[in-house]
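One line per chain: the protein sequences are A and B, in this order.
Take 1 as the starting number for the first sequence in full-length UniProt numbering and just add one per residue.
Take 1 as the starting number for the second sequence in full-length UniProt numbering and just add one per residue.
Take a look at the structure set out below.
Protein chains: 2
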Amino acid sequence: MANKIDEIDMKIIKLLSQNARMTYKELADKLKTTRQRISRRMNKLEKLGVIQKYTAIPNYEKLGYTYLILGITLRAGSDVDEIIEKLQNIECVKIIQKAIGSHNLVVHIIAPHDMKRIQDIINEISKAIPGIDHMDITFITETTKIEFF
Amino acid sequence: MANKIDEIDMKIIKLLSQNARMTYKELADKLKTTRQRISRRMNKLEKLGVIQKYTAIPNYEKLGYTYLILGITLRAGSDVDEIIEKLQNIECVKIIQKAIGSHNLVVHIIAPHDMKRIQDIINEISKAIPGIDHMDITFITETTKIEFF
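Here it is, written out as structure tokens:
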């Protein structure tokens, strides 16, 4: 995969990660090429899944929401895919990541500021996951740097 | 803050979190309003910092990069802001989050697939942080759901 992606592709990804709303024209000017070529490359990157998503990152604190990360360690032999399927449709579960290392599963939750409600959500998730060995619960209070590439 | 933000603002944030490249016209059509009104609201949301960033989310695996999350627990009395300042300019440190709970500091790293290099980066970060009590190192292997609002 990586060898289908050249240096110009990498520059396009970098620029879009800094500002996903850049127009084809702005990208073309910066990279001294044409809008058509930019559009073609972006289509390719989207099709290959190299660019997963264009998104707006809200400031959850300012919106009155709480952002928390659950770092979950599963017991040996747990079926992580089955667990992910159960979590997939819980509305406030926004990001699900398979992992190795300290945690096998990382779950990001965005929920209204309401500790009672958050407790219910954590309980719901705990129940949905058989074989939890350990769960680290971390409440994000401020993001001081945010880049994606 | 939250009361300056109305239901239409919330809808705009939701739509942009699903696709940050939507045009003013597309947003206006979906929300049955005008491009001018959408543009004015987006300006307001950006100015208030309610929208932090428009970004492209790459698939790091497909690009040949490793994505890891360090969950750091500091000893009582550590100066977290001083630590963040030291981490801010390390190139592969992409996201820095202040937190409470299991971890006081969450650091997201994007680095080329090269375990020797990653070890060096982790060592560099460990040295930059006085008063680490515990560090959880989690390598993200796959993201199965990704939403930001």
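By construction, the Cβ of each residue, glycine as well, lies at the ideal position given by its N, Cα and C atoms.
| Asked | Found |
| --- | --- |
| Hey, residue 137 of chain B and residue 70 of chain B: beta-carbon distance below 8 Å or not? | yes |
| Quick check: residue 110 of chain B and residue 54 of chain B, are their CB atoms within less than 8 Å of each other? | no |
| Could you round the C-beta distance between residue 58 of chain B and residue 51 of chain A to whole angstroms and report it? I think they count as a contact, below 8 Å. | 6 Å |
| Taking its Cβ as the centre, do 16 or more other Cβ atoms sit within 10 Å of residue 23 of chain A, making it buried, or is it exposed? | exposed |
| Specify, as a first and last residue, the run of the alpha helix (DSSP H) that residue 127 of chain B falls within. | 115 to 128 |
| Residue 83 of chain B and residue 45 of chain B look like a contact to me (Cβ under 8 Å); what is the Cβ gap, rounded to whole Å? | Their Cβ separation, rounded to whole angstroms, is 31 Å, which puts residue 83 of chain B and residue 45 of chain B out of contact at 8 Å. |
| My guess is that residue 61 of chain A and residue 98 of chain B are in contact by the Cβ rule of under 8 Å, so how many angstroms apart are they, rounded? | Incorrect: roughly 11 Å between the Cβ atoms, too far for contact. |
| Below 8 Å, how does it come out for the stretch 116 to 124 of chain B and the stretch 24 to 43 of chain B: are there three or more Cβ pairs, yes or no? | no |
| Quick one: is residue 119 of chain A near chain B, going by C-beta distance under 8 Å? | no |
| By the DSSP assignment, the beta strand (DSSP E) with residue 145 of chain A in it spans what residues? | 132 to 146 |
| Across which residues does DSSP place residue 97 of chain B in a beta bridge pair? | A:143 and B:106 |
| Under 8 Å between C-beta atoms, does residue 123 of chain B make it to chain A? | no |
| Note down, in chain order, every chain B residue with its Cβ under 8 Å from the Cβ of residue 88 of chain A. | 144 and 145 |
| Rank A:10, A:78, A:7 and A:6 by C-alpha distance to the C-alpha of residue 105 of chain A and give the top, closest one. | A:78 |
| Going by the DSSP bridge assignment, what does residue 65 of chain B pair with across the sheet? | B:112 |
| Report the option in A:8, A:39, A:132 and A:19 whose CA atom is closest to the CA atom of residue 74 of chain A. | A:132 |
| Would you mind sorting residue 108 of chain A into buried or exposed? The rule is 16 or more other CB atoms within 10 Å of its CB. | buried |
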